[in-house]
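Enquirer: Heads up: the sequence shown begins at 17 in my numbering, then just goes up one per residue. Glycine residues also receive a C-beta, built at the ideal position from the N, C-alpha and C atoms. Note that the structure is a prediction, hence the values are computed from the model and not measured.
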Amino acid sequence: MNDAAPAPTPAPAPRKRARVRAPELIGKGGWINTGGKDLKLADFRGRTLILDFWTFCCINCLHVLDELRELEEKHRDTVVVIGVHSPKFVHEADHAAVVDAVERYEVHHPVLDDPELATWKQYAVRAWPTLVVIDPEGYVVAQHAGEGHAHAIERLVEELEAVHEAKGTLRRGDGPYVAPEPVASDLRFPGKALVLPGGNLLVSDSTRHQLVELAPDAETVVRRIGSGERGFTAGSFSEPQGLALLPDGRVVVADTVNHALRVFDPETGAVETVAGTGRQWWQGSPTSGPALEVDLSSPWDVAWWRGKVWIAMAGVHQLWTWDPAEGTVEVAAGTTNEGLHDGPAAEAWFAQPSGLAAAGDRLWIADSETSALRYVRDTPDGYVVTSAVGTGLFDFGHRDGDAAQALLQHPLGVTALPDGSVAVCDTYNHALRRYDPASGEVSTLATDLREPSDAVLVGEDIVVVESARHRLTRLRLPEDAVRVDAVAHRTQRAATEVAPGTLRLDVVFQAPAGQKLDTRYGPSTRLLVSSTPPELLAAGEGAGTDLFRELALNPEVTEGVLHVSAMAASCDDDPDNEYPACHVHQQDWGVPVTVADGGVARLPLVLAGMDDGA
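(1) In whole angstroms, what separates the C-alpha of P28 from that of E566?
(2) Could you check what DSSP says for A584 in three-state terms: helix, strand or coil?
(3) In the DSSP assignment, find the alpha helix (DSSP H) that holds E482 and state where it starts and stops.
(4) Tell me whether the stretch 303-318 and the stretch 92-99 touch, counting them as touching only if at least three CB pairs, one residue from each stretch, are closer than 8 Å.
(5) Between the stretch 59-70 and the stretch 79-95, do at least 3 Cβ pairs fall closer than 8 Å?
(6) Would you please state the rounded distance, in angstroms, between the beta carbons of V7 and D202? I believe it to be under 8 Å.
(7) I need the straight-line Cα distance from A356 to Q421, nearest angstrom please.
(8) According to DSSP, simplified to helix, strand and coil, what is S220?
(9) Does the beta-carbon of I48 have 16 or more other beta-carbons within 10 angstroms, so that it is buried, or is it exposed?
(10) Should the stretch 514-525 be called in touch with the stretch 612-628, which here means at least 3 C-beta pairs below 8 Å?
(11) Hey, could you find the ends of the beta strand (DSSP E) C441 is sitting in?
(12) Indicate the three-state DSSP secondary structure (helix, strand or coil) for K532 in the structure shown.
(13) Could you compute how far the alpha carbon of P30 sits from the alpha carbon of M626?
(14) Check whether the stretch 243-262 touches the stretch 314-324, counting contact only when three or more Cβ pairs, one atom from each stretch, lie closer than 8 Å.
(15) Could you check what DSSP says for A29 in three-state terms: helix, strand or coil?
(16) Output needed for A624: all residues of its chain with C-beta closer than 7 Å, excluding positions within five of it in sequence on either side, in chain order.
(17) Apply the 10 Å Cβ neighbour rule to A286 and answer buried if 16 or more other Cβ atoms are within range, or exposed otherwise.
(18) Buried or exposed for P427, going by 16 or more other Cβ atoms inside 10 Å?
(19) Going by Cα to Cα distance, which pick from A510, A585, D281, R266 is closest to G12?
(20) Roughly how many angstroms lie between the CA atoms of P126 and Y193, to the nearest whole one?
(21) Exposed or buried, T402, counting other C-beta atoms within 10 Å across all chains shown (16 or more means buried)?
(22) Reducing DSSP to helix, strand and coil, say where D129 ends up.
(23) Since D383 is in the beta strand (DSSP E), which residue starts that stretch and which ends it?
(24) Using CA coordinates, which residue listed in S469, D477, E476, I478 is at the minimum distance from A484?
(25) If you drop the 5 nearest sequence neighbours on each side, which residues of the same chain put their C-beta closer than 7 Å to that of A454?
(26) Assuming the contact rule is C-beta atoms closer than 8 Å, H414 and V503 should be a hit. Round their C-beta distance to whole Å, please.
(27) Please report the straight-line C-alpha distance between A367 and L552, rounded to a whole angstrom.
(28) Please report the straight-line C-alpha distance between M329 and A374, rounded to a whole angstrom.
(29) Please classify T610 as buried or exposed, where buried requires at least 16 neighbouring CB atoms within 10 angstroms.
(30) Determine the direct distance from the alpha carbon of R450 to that of D394, and round the result to whole angstroms.
(31) Is the distance from the Cβ of G371 to the Cβ of V290 below 9 Å?
(32) With C-beta atoms as the reference, is L424 less than 9 Å away from E354?
(33) Looking only at C-alpha atoms, which of R246, T284, P282, E283 sits nearest to E275?
(34) Is it buried or exposed, E283, if we count other Cβ atoms within 10 angstroms and call 16 or more buried?
(35) In the DSSP output, what is D271 paired with across the bridge?
(36) By a C-beta neighbour count over all protein chains shown, 10 Å radius and 16 as the cutoff for buried, is T351 buried or exposed?
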């Protein structure tokens, strides 16, 4: 008999992940910001390559562009960022529109125009935005979906620099970016406009980070407000958008990329910050309080209604209010979930609300990502949200007639008309549309506009901001509608075939090196699942704290869209640090699925890291 303790069972060896060679970059639209040169993966050997899969309608993609700016500058001799433009809307597959967007948002790196989603499919991307990191030897080393990953990528970039410097596989030098020739014009991608009490027009000249006052002819420049450089000082803006006249004659400005509200005094020329900190709002941040102490997120438009300034908070799919008398802000409608859901304001879902217009007891909303016209109504039971036109995130087009079947395409502006109807700047259809609540009909007032983003009434005329033509265009409001051939579209992303029965949903999240999940105040992860149609899921919908879920599919429904929203919070893993730095990672997915024999039984969605296929 052997009394010696049995030898411990050895721990299983850690699973070694197979190195994945990065697929080639291909896109029918070609390259932008390269001076006409076509690029291949081999051109980046020796550099860390970051692929940014984006589309220019997506507010989260615009946030990521801003997150990457500092990293690009700091590591410009070892890192190359490549934008891969992967369209959602039909208009975004137009090469000229992509070229415009690259200039509009000051994208200072090469962009591959991929209108057919060829590279998107090669990299198995499922969401906008997605970042893929490729090491200097051409292997994929990380994938991140959504926002808030800049700190993790920064750390990974530094590790790759050190490793490949030591191996001799790092190549330093200038990147392939070639700046386009500057264009002279009075306005450059203007966003919104209003009529000042004296009759002049004020325009947000978004790409030039200024406000511009024009004479009543809508052409002659009277003065410019702002330095013209990005900034958060009293004399600077960063991609300003919405404008609203306050009762005292001053103008509130949605200073979009500064995540703030500013007030401009036309009499003195002074600009002051009245709401926001300059930081972007994240889940867990305060949603009310002193206006200068609460973070905001990409305010896109503003309107004076019911004694307050209402804010289209595009970055978090909500409406907020600023009370100038009390000096406070608070959420007024929306849950931060992205989609189209009507009802009491606190329960409604929006998707990048981008235009506002007050008219009596209604506040009209251009809800851009759902291609919808919606409104908030003040009722005895509180504010209620109703959709007038639009059905959801994936249906869009140009169709007039009964509002229940009418279609818009990513509208950015809405204007109340004297007869009680509303004009809609149907941005991606290059049209001005009209909705009449009395008849429930949608019609087209004008076509051949170029990305109209706002419109204001001037006497019997309507002045339209043609953002992509860099001008204001005066139109006489027509009595008769324009006849337009109807078209309908759905997002062109290929559906994922899933097996009938039970579907395992896994949100993949690996905390960045040196960090861990933040569990000091309870669960640090959140998962919300729903579907369109709701009948697609027999079980598994709702909120929870695990990043996995068993979904039961309804055998009577063969196709639909799974809506998945995930969040994870990670903090520095240093027990000696009483106040560790923490970061929030979050993303929303809309995954088209079809139920078919032979489909997958597991759906992995990568929030951060690499999927091992477990």
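Expert: Here's the rundown:
(1) Confidence at P28 is low in this model, with a pLDDT of 38, below 50, so the placement of that residue should be treated as unreliable; the coordinate-derived value is given next. Rounded to whole angstroms, P28 to E566 spans 27 Å at the Cα level.
(2) strand
(3) It is not in any alpha helix (DSSP H) - E482 instead sits in the beta strand (DSSP E) that spans 477-482.
(4) no
(5) yes
(6) Given a span of 17 to 630 for the chain in the structure shown, any question on residue 7 remains unanswerable.
(7) Strictly speaking, residue 356 in this sequence is Leu, with Ala absent from that position. Taking the straight line from one Cα to the other gives about 15 Å.
(8) strand
(9) buried
(10) yes
(11) 438-442
(12) strand
(13) In this predicted model, P30 has a pLDDT of only 37, less than 50, meaning its place in the structure is not dependable; the value taken from the coordinates is given anyway. Looking at the two C-alpha atoms, the distance is approximately 15 Å.
(14) yes
(15) Confidence in A29 is poor, its pLDDT being 39 and thus under 50, which makes the residue's placement too unreliable to answer from.
(16) H160, H165, A168, F525, Q526, H601
(17) exposed
(18) buried
(19) One cannot answer for residue 12 here, as it falls past the ends of the chain, which runs 17 to 630.
(20) 5 Å
(21) exposed
(22) strand
(23) 378-383
(24) S469
(25) G436
(26) 5 Å
(27) 21 Å
(28) 16 Å
(29) exposed
(30) 23 Å
(31) no
(32) no
(33) Looking at the sequence shown, residue 275 is not Glu but His. Nearest C-alpha to H275: R246.
(34) exposed
(35) P256, A276
(36) buried
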